[in-house]
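Residues in the sequence shown are numbered consecutively from 400, following the working numbering. Just so it is clear, CB atoms sit at the ideal spot from N, CA and C, and this is done for glycine as well. Just so it is clear, the structure is predicted and the values come from calculations on it, not from any experiment. What follows is a short report on a single structure.
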Amino acid sequence: MRQFCLVLAAAVAVFAPIGWSQDGPYKVLKTARVGGEGGWDYIYADTAGRRLYIPRGATRAVAATETASEVPAGPARLTIFDLDTLKPIGEISGVGGNGTAVDPKSGHGFTSDHPKVSMFDTKTMTLIKSVDVGAARPDGILFDDFNQRVYVFSHPTKDATVIDSKDGAVLGTIDLGGVPEQGVADGKGMLYVVMQDAVGSVTAVDVKTMKATGHYSFVDKGGCNGLALDVKNRVLFAACGRSGNPPVQPAQPMMVILSATDGKILASLPLAGGSDGAAFNPATMEAFSTHGNGTMTIVKEKSPTSFEVEQNLQTMSGARTVTFDSKTGHLFTMSQERGPAPPPPPGGGRGPQGAAVPGSFTILMIGK
400 MRQFCLVLAA AVAVFAPIGW SQDGPYKVLK TARVGGEGGW DYIYADTAGR RLYIPRGATR
460 AVAATETASE VPAGPARLTI FDLDTLKPIG EISGVGGNGT AVDPKSGHGF TSDHPKVSMF
520 DTKTMTLIKS VDVGAARPDG ILFDDFNQRV YVFSHPTKDA TVIDSKDGAV LGTIDLGGVP
580 EQGVADGKGM LYVVMQDAVG SVTAVDVKTM KATGHYSFVD KGGCNGLALD VKNRVLFAAC
640 GRSGNPPVQP AQPMMVILSA TDGKILASLP LAGGSDGAAF NPATMEAFST HGNGTMTIVK
700 EKSPTSFEVE QNLQTMSGAR TVTFDSKTGH LFTMSQERGP APPPPPGGGR GPQGAAVPGS
760 FTILMIGK
C-alpha cells in the first residue's frame, strides 16, 4: 500500500456545500475535489466500515510541452476515503479495475480488476492475492451476505463468476443469457442482474443452485445499466438508455419498474439522461438513477404499484455511477472537469471529449 501524503491531500481536497437551486428535496450537500488522474467506473460505499472505495486506472506518461509540465505515468490503484468526511484514507497500488465489493464479516474486499479479480484486506489496505477468473472480463461486482459470496459480471462471457469471500476461492459461473451490468441481491437467496443488450432484460438467479430461474424482457427498452431493488415489496428499478423498437432518436432514457417475482412491468418513467447506475433507499421509498449528462433522477414509490418522478437534480457532468449509504441516506457520485471538446468529425457523429483538467477529480455527496 502507498499511503497518501496528508499534507498534499489537505491541499488538494476541497470541501464545500453547493447552493444550486433545485426543484425537489435533494441537493448536493458537499463536494470533495480529491484530484488524482486516471479513469474510473464504479464507486462503492462500505456502510459498516465507513469507507468509500473508488478504483482508478493507470495513466500514461505525457511529455512536457511549451505550456505544460511533464506528467509521469501512474499505476492503477484503489483509492479509499472516509465515508463521512470524504477525506483520503489511503490507497492500494496496483489494484485498479472497475468496481469494488466488501464483505464486512471477513474483512475482505474485492475489485473487478480485469483480467483478474484482486482480493485485499480492508483493515491493513494490502493486497491478499489475485483471483484467476479465466476468460471473464470482470466489470460489475456485488457482495451478497446471504452466503458470503461475491458475484463478478463479465460482458464477453455473459456470465457471473462466483467467489467465496472468506478465502477467495472460485465456486463456479452462472450463465446470465445476456450482457450483464449492475446486480442486486435480496439477502434471501435471489440475485437479479440487468442486461445491457439492445432489448433489455433482468435475469433472476437462485444463488443456492447458481442457476438462472427467469429472464424478464423489456421488449422495447434497451441499453440498461442501472438496477435497484425494493426488497420489501419485491420491485425492481431498471435504468435504460433507449426506448422504442427500433430506438427513437434522440434517445429517450427510461426507468422500467417491474415485479421481481414474475417480471411484470408496473410502470415506465422518463429519466433525465443515460444511466450507468441506480440505487434504492427503503427508508424513503425512493429510487435513484445517475447520468453522464450530470443529472440524477429520483423516483418515488408511492405504493407497490404507483410511482412518479419526484425530482431531476443537477449534479456534475460525467457523474454517471452512484452508491448509497444506508446509515445516513446519502448518495455518492464522482466526476472530473474537462476542457472544451474538439469539433465533431466531418460528416457528423459523436466527437471526442475535451481533455480532463488535471487534479479536478471530485466526489459529490447528495442528500436532503
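Beta carbon of Y425 nearer than 9 Å to that of T720:
No, they are not a contact pair.
Those runs of the alpha helix (DSSP H) which lie wholly inside the stretch 485-554 and span at least 4 residues
none
Check whether the stretch 580-594 touches the stretch 623-635, taking contact to mean three or more Cβ pairs, one atom from each stretch, closer than 8 Å.
Remark: three or more beta-carbon pairs, one from each stretch, lie closer than 8 Å, so the stretch 580-594 and the stretch 623-635 are flagged as touching.
Taking the beta carbon of R450 as the centre, do at least 16 other beta carbons fall within 10 Å, making it buried, or is it exposed?
buried
Alpha carbon to alpha carbon, how far is V578 from H554? Give it in angstroms, no decimals.
5 Å
Can you give me the Cβ contacts of A686 inside the same chain, cut-off strictly under 6 Å, excluding the 5 residues immediately before and after it?
A627, F636, F679 and V698
With DSSP as the reference, label D422 as helix, strand or coil.
coil
Residue(s) in a DSSP beta bridge with L712
M695
Are the Cβ atoms of G448 and V501 separated by less than 9 Å?
yes
So, using beta-carbon positions, are F545 and V606 closer together than 9 Å?
yes
Host beta strand (DSSP E) of K620 (start-end)
K620 to D629
So, with DSSP's three-state summary, where would you put M400?
Because M400 sits at a pLDDT of 38, beneath the cut-off of 50, its placement in the model cannot be relied upon, and the point is left open.
By the 10 Å Cβ neighbour count, where 16 or more other Cβ atoms means buried, how is A444 classified, buried or exposed?
buried
Backbone secondary structure at G663 - three-state DSSP:
Per the sequence shown, the amino acid found at residue 663 is Lys instead of Gly. Note: K663 maps to coil in three-state DSSP.
So what's T430 in DSSP terms, helix, strand or just coil?
strand
Less than 9 Å separating the beta-carbons of G495 and A475?
yes
What are the residues that DSSP puts in a beta bridge with F706?
E700
So, for S420: in the same chain, excluding its five sequence neighbours on each side, which residues have a beta-carbon less than 8 Å away from its beta-carbon?
Confidence in S420 is poor, its pLDDT being 40 and thus under 50, which makes the residue's placement too unreliable to answer from.
Taking DSSP's pairing of strands, which residues face G558 in a bridge?
A small fix is needed here, since residue 558 is Asp in this sequence, not Gly. For D558, which the question treats as bridged, DSSP gives the partners S553 and D574.
V433 and L485 closer than 9 Å at C-beta:
Closer than 9 Å, so yes.
Three-state secondary structure (DSSP) at K565?
coil
Please report the distance separating the alpha-carbon of N632 from that of P681.
10 Å
At what residues does the beta strand (DSSP E) containing A611 begin and finish?
K610 to S616
Per DSSP, the bridge partner or partners of G456
Under the DSSP definition of a beta bridge, G456 lacks any partner.
Straight-line Cα distance separating R641 from D619
8 Å
L730 and M684: beta carbons closer than 9 Å?
no
Straight-line Cα distance separating A463 from G539:
36 Å
Going by alpha carbons, who is nearest to S688 out of G621, G673 and V532?
G673
With the cut-off set at 9 Å, would you say L665 and T704 are in Cβ contact?
yes
In whole angstroms, give me the CA-to-CA distance for D675 and G691.
8 Å
Reduced DSSP secondary structure (H/G/I, E/B, other) of D483
coil
Check the C-beta distance from V549 over to S564 and give it rounded, since I have them as a contact under 8 Å.
5 Å
Roughly how many angstroms lie between the CA atoms of V561 and V532, to the nearest whole one?
9 Å
Do M609 and A659 have their C-beta atoms closer together than 9 Å?
no
From S492 to A718, what does the alpha carbon distance come to, in whole angstroms?
Roughly 24 Å between the two C-alpha positions.
What are the start and end residues of the beta strand (DSSP E) that includes R449?
Premise fails: R449 is in no beta strand (DSSP E) and is neither H nor E.
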